[in-house]
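Numbers 4 to 224, taken from our numbering, label the letters of the sequence shown in order.
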Amino acid sequence: MASITAGAEHYLPEKRSLSALKAAAHGCRGCALFENATQTVFGHGKAKASIMLIGEQPGDQEDRAGLPFVGPAGRLLSRALEAADIDPASTYQTNAVKHFKFTRKGGKRRIHEKPNRTEVVACRPWLFAEIEALRPHVIVCLGATAAQSLLGASFRVSAHRGEILRLPAAIDVRLASEPAVLTTVHPSAILRDRSERRDEAYRAFVDDLRGARSAHAALTR
Ligand code: URA
Ligand code: SF4
Numbered sequence: 004m005a006s007i008t009a010g011a012e013h014y015l016p017e018k019r020s021l022s023a024l025k026a027a028a029h030g031c032r033g034c035a036l037f038e039n040a041t042q043t044v045f046g047h048g049k050a051k052a053s054i055m056l057i058g059e060q061p062g063d064q065e066d067r068a069g070l071p072f073v074g075p076a077g078r079l080l081s082r083a084l085e086a087a088d089i090d091p092a093s094t095y096q097t098n099a100v101k102h103f104k105f106t107r108k109g110g111k112r113r114i115h116e117k118p119n120r121t122e123v124v125a126c127r128p129w130l131f132a133e134i135e136a137l138r139p140h141v142i143v144c145l146g147a148t149a150a151q152s153l154l155g156a157s158f159r160v161s162a163h164r165g166e167i168l169r170l171p172a173a174i175d176v177r178l179a180s181e182p183a184v185l186t187t188v189h190p191s192a193i194l195r196d197r198s199e200r201r202d203e204a205y206r207a208f209v210d211d212l213r214g215a216r217s218a219h220a221a222l223t224r
């Protein structure tokens, strides 16, 4: 088996267009997650997209399809984006971690497992390179994994959701102009919510996405 190097850096191509990055990411062995997953699920969307959405990691369906947000969470996300007056097809969608992490319970069913900090940090060079290649006006972090990848391990979405933030100066992303960064919950959290608060949680999610739309409008005026 190929040796596993510590992190994705070693696999980054010289040319940093989104298509070159995607092609190179297919061979990434920057952490152990490539071993059990079907394939690398790289970001997807228009190279000119000015709104970038970052999830946690591909799920079961994304792992099979090779595309982010094609399963239930993706459908909820599309619906919420439309409700916030953002065309889902105009966005670029990606994940903090590019391989599906799971455990097998009982028979064949693959159960999602949260990526740990080491895996998030190992995969971050791809995310940084995507941000540099795309140069988005607005970055929306969906859930704690994406938010903590960009904003630090102690970042709490519950304390800052919906706020217009900036990328920390310490992170290694070179951009001519600073994107607005917003954090909100992950669409899977709404899907999992079986309580009477679910509709309210959905509306709050749409409100955060509306905030992203307003930030985008302000930056592109
Ligand atoms: N959840 C995510 O975070 N990303 C996907 O691509 C799908 C589900
Ligand atoms: Fe590379 Fe990220 Fe996959 Fe780990 S999860 S092997 S760092 S692409």
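Here a beta-carbon is modelled for each residue, glycine too, at the ideal position from N, C-alpha and C.
Under 8 Å between C-beta atoms of residue i and residue j
i, j, result
"A149", "E65", "no"
"K117", "T43", "no"
"L185", "V143", "yes"
"E12", "P128", "yes"
"L194", "P171", "no"
"A215", "I114", "no"
"V176", "Q151", "no"
"L36", "K104", "yes"
Boundaries (first-last residue) of the beta strand (DSSP E) holding residue i
i, result
"C144", "V141 to L145"
"I57", "I54 to G58"
"Q96", "T94 to N98"
"H29", "That residue, H29, is in no beta strand (DSSP E); it is neither H nor E in DSSP."
"T106", "F105 to R107"
Heavy atom of the ligand URA within 7 Å of residue i beta-carbon
i, result
"N119", "no"
"E116", "no"
"S81", "no"
"H189", "yes"
"G69", "no"
"F45", "no"
"A91", "The question names Ala, but residue 91 is Pro in the sequence shown. No, the Cβ of P91 stays beyond 7 Å of every heavy atom of the ligand URA."
"E122", "no"
"G77", "yes"
"F158", "no"
"G48", "no"
"F208", "no"
"E133", "no"
"P128", "no"
The ligand SF4 heavy atom lying under 7 Å from the CB of residue i
i, result
"T106", "no"
"V100", "yes"
"A172", "no"
"L311", "The question about residue 311 has no answer here: the residues shown for the chain are numbered 4 through 224."
"G58", "no"
"R113", "no"
"A125", "yes"
"G33", "yes"
"A11", "yes"
Run of the alpha helix (DSSP H) containing residue i, from where it starts to where it stops
i, result
"A50", "No alpha helix (DSSP H) holds A50; DSSP gives it neither H nor E."
"H163", "V160 to H163"
"P75", "P75 to A86"
"Y205", "R201 to T223"
"P190", "P190 to R195"
"D90", "Taken as a continuous stretch (DSSP letters only), D90 belongs to no alpha helix (DSSP H), as it is neither H nor E."
"R19", "Note, R19: premise wrong, no alpha helix (DSSP H); not H, not E."
"D175", "Note, D175: premise wrong, no alpha helix (DSSP H); not H, not E."
Bridge partners - residue i, DSSP secondary structure assignment
i, result
"T148", "None, per the DSSP bridge assignment."
"A183", "V141"
"H115", "F105"
"L168", "V184"
Handout entry: Cβ contact check for the region 181-197 and the region 84-101: 3 or more pairs under 8 Å
Key = no
Problem - contact_flag[the region 163-174, the region 73-89] where n(CB pairs < 8 Å) is 3 or more - result: no
Handout entry: Any 3 or more C-beta pairs closer than 8 Å across the region 17-26 and the region 130-150
Key = yes
Practice task
Take every Cβ of the region 207-224, pair it with every Cβ of the region 70-78, and state whether three or more of those distances are shorter than 8 Å.
Solution key: no
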